[in-house]
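Going by this note's numbering, the residue at position 158 of the sequence shown is 358; the numbering climbs one at a time, nothing skipped.
Presented below is the structure to which this report refers.
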Amino acid sequence: MNELPVVVIGAGPQGLAAAAHLLERGLEPLVLEAGAGPAAAVAEWGHVRLFSAWPELVDAASARLLAPTGWTAPSTGYPTGAQWIEGYLAPLGAALGDRVRYDARVTGVSRKGRDRLVDADRDAQPFTVHVTDATGHESRLEARAVIDASGTWRLPNPAGADGIPALGERAAADLLTSAVPDRAHPERYAGRHTVVIGSGDSAFNAIHELVQIAEAHPGTRITWAIRRAVGTGTFGGGAADQLPERGALGQRARRAVESGAVELVTGFRTAEIRTQDGQAIVLAEDGRALPPAGAVVVLTGFRPDLSFLSEMRLDLDPTLEAPRRIAAEIDPNIHSCGSVQATGAADLAQPESGLYLVGMKSYGRAPTFLALTGYEQVRSVVAAIAGDHEAAARVELVLPDTGVCGGAGVFDDPASAGGGCCAPAAPAPVELLEIGRAPAGA
201 MNELPVVVIG
211 AGPQGLAAAA
221 HLLERGLEPL
231 VLEAGAGPAA
241 AVAEWGHVRL
251 FSAWPELVDA
261 ASARLLAPTG
271 WTAPSTGYPT
281 GAQWIEGYLA
291 PLGAALGDRV
301 RYDARVTGVS
311 RKGRDRLVDA
321 DRDAQPFTVH
331 VTDATGHESR
341 LEARAVIDAS
351 GTWRLPNPAG
361 ADGIPALGER
371 AAADLLTSAV
381 PDRAHPERYA
391 GRHTVVIGSG
401 DSAFNAIHEL
411 VQIAEAHPGT
421 RITWAIRRAV
431 GTGTFGGGAA
441 DQLPERGALG
451 QRARRAVESG
461 AVELVTGFRT
471 AEIRTQDGQA
481 IVLAEDGRAL
491 PPAGAVVVLT
501 GFRPDLSFLS
511 EMRLDLDPTL
521 EAPRRIAAEI
531 DPNIHSCGSV
541 QATGAADLAQ
551 PESGLYLVGM
561 KSYGRAPTFL
571 ALTGYEQVRS
581 VVAAIAGDHE
591 AAARVELVLP
601 DTGVCGGAGV
611 FDDPASAGGG
621 CCAPAAPAPV
631 ELLEIGRAPA
641 GA
């Protein structure tokens, strides 16, 4: 099988980096990307600024591949998604040339002549990768190994607090979005009421963009519904976050709440979304209802698409849907700052020999992934595929404190304020809006 390519699913940051590492090892990559260009998912949030600095966003092997073209790595600043593509990912895709196929959606991965049940001579058979192009034409490719770097972007979590779409959520789909608003395109939000559901970095970005829209368009209202109580971890790690731009992002959200620009509703677990006169009414499990909204921004995280791996033998954690060996290190129920370690081929390997899940896909439903982690993953995985087991076992990355804290046993607990080792000193109380009650002093 050595004459066959290594198929990489996804031309995002980790997929393109995997291809660069494969070429450097003398292996032939074939990257299959469902979108029309490199980093198609990143392009959909291109207006959002990353909290990682440029040096943390460029893979070493990719930089070496690009160097002969005259490309130089940006050394300072925090790019937006669009700038990340323009300054690095698009040139990398161009350098890889026809080794990247766009409009190529992977619909299934199996073993030649073997379904999931068959043991006989299984590992000696090449992988078969089923692909559908933009016209609907189907084809089947063979591969010596498969690196799944397809991410989780296409499978956002629903608004429903139980992990299933809330009652009425599907019917209200036209009023819902999982995209961070863009102040450059305010039409959907300007002069209207918007509800944001979610409490992570994407929600912080959404609040920031909506506040800018509200400043330019009178009559714009913002309600932010989160499941937890307010505490030291509500607005991120602040000054204690070793990724300072991420700490600043949460503090901007805090200031928006304190100024009254945003109404924060806590302990809110979405159970139902009703439509009335072209607006959405979001109801909680305890019966509270938010005022009618023209748009609901649902930023509750993502989950991996495992459907095209249904014939693969996988060993995934039942909670996170991540490779079992790394689950305890990334589980937000037990994870505290700095405990997430670099993960390599041995951690990511599956019972299906030659198959690896990397990048955001490898973290399953966990929200703590960093680009640097993914680059270390693909370096190790490609070394393993090339037979360099010493390099595969070596750790070449030291991660900063992530500043992403769940705190043991309290993650997503509506009665808990969260916290953890990266939480800043307790802030002054934030006045909250309780639906059905007037604010204190009113």
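Built from N, CA and C at the ideal position, the CB exists for glycine as well.
Just so you know, these numbers come straight off a predicted model, no measurement behind them.
Three-state class that DSSP yields for residue i in the structure shown
| i | result |
| --- | --- |
| P523 | strand |
| V207 | strand |
| A584 | helix |
| L317 | coil |
| T269 | helix |
| D213 | Reading the sequence as shown, one finds Pro at residue 213 and not Asp. P213: helix per DSSP, three-state reduction. |
| A260 | helix |
| R340 | strand |
| A448 | helix |
| V482 | strand |
| L464 | strand |
| E472 | strand |
| V331 | strand |
Whole-angstrom C-beta distance between residue j and residue i, which should lie under 8 Å
| i | j | result |
| --- | --- | --- |
| V595 | I347 | Not a contact, Cβ separation roughly 19 Å. |
| K561 | G351 | 6 Å |
| V670 | L499 | The structure shown does not extend to residue 670, since the chain spans only 201 to 642, so no value can be given for it. |
| A429 | T466 | 5 Å |
| P238 | W254 | Wrong, their Cβ atoms sit about 17 Å apart, outside the cutoff. |
| D333 | D303 | 5 Å |
| A566 | D531 | 7 Å |
Cα-Cα separation between residue i and residue j, rounded to whole angstroms
| i | j | result |
| --- | --- | --- |
| Q214 | L222 | 12 Å |
| G609 | V206 | Bear in mind that the predicted position of G609 carries a pLDDT of just 32, short of 50, making it unreliable; the figure below should be weighed with that in mind. Approximately 41 Å between the Cα atoms of the pair. |
| G159 | Q479 | With the chain running from 201 to 642 in the structure shown, residue 159 is simply not present. |
| V649 | A592 | Because the chain in this structure spans residues 201 to 642, residue 649 falls outside the shown range and cannot be described. |
| E409 | L514 | 40 Å |
| D321 | S507 | 24 Å |
| F327 | D319 | 14 Å |
| E472 | G368 | 6 Å |
| I534 | L572 | 22 Å |
| S553 | A290 | 32 Å |
| P551 | G501 | 27 Å |
| T543 | G235 | 27 Å |
| L509 | V329 | 10 Å |
| R503 | A584 | 27 Å |
| E387 | A416 | 12 Å |
| L216 | R305 | 16 Å |
| A345 | A220 | 15 Å |
**OP:** Please specify which runs of the alpha helix (DSSP H), each continuous and at least 4 residues long, are wholly inside the segment 367-446, giving them in chain order.
**Re:** Within the segment 367-446, the complete alpha helix (DSSP H) runs of at least 4 residues are 401-416.
Original post:
Below 8 Å, can you find three or more Cβ-Cβ pairs linking the segment 226-238 to the segment 540-556?
Top reply: They do not touch, by the three-pair rule.
Original post:
What are the start and end residues of each continuous alpha helix (DSSP H) run of 4 or more residues lying completely inside the segment 507-581, in chain order?
Top reply: Within the segment 507-581, the complete alpha helix (DSSP H) runs of at least 4 residues are 524-530 and 545-548.
Original post:
At which residue ranges does the segment 274-312 contain complete beta strand (DSSP E) runs of 3 or more residues, listed in the order of the chain?
Top reply: Entirely contained in the segment 274-312, the beta strand (DSSP E) runs reaching 3 residues are, in chain order, 304-311.
Original post:
For the segment 398-416 against the segment 373-388, are there 3 or more C-beta pairs whose distance is under 8 Å?
Top reply: Touching, per the Cβ criterion.
Original post:
In chain order, which continuous runs of the alpha helix (DSSP H) of length 4 or greater are located wholly inside the segment 224-253?
Top reply: Whole alpha helix (DSSP H) segments, 4+ residues: 240-243.
**OP:** Evaluate contact between the segment 235-248 and the segment 277-285, counting only Cβ atoms and requiring at least three cross-stretch pairs below 8 Å.
**Re:** With a cut-off of 8 Å on Cβ pairs, the segment 235-248 is in contact with the segment 277-285, counting three or more such pairs.
Original post:
Should the segment 414-424 be regarded as contacting the segment 520-529, the criterion being three or more beta carbon pairs within less than 8 Å?
Top reply: Cβ pair count under 8 Å is below three, so no.
Original post:
Is the segment 285-296 touching the segment 310-323 in the sense that three or more CB pairs, one from each, lie closer than 8 Å?
Top reply: Too few Cβ pairs lie closer than 8 Å, so no.
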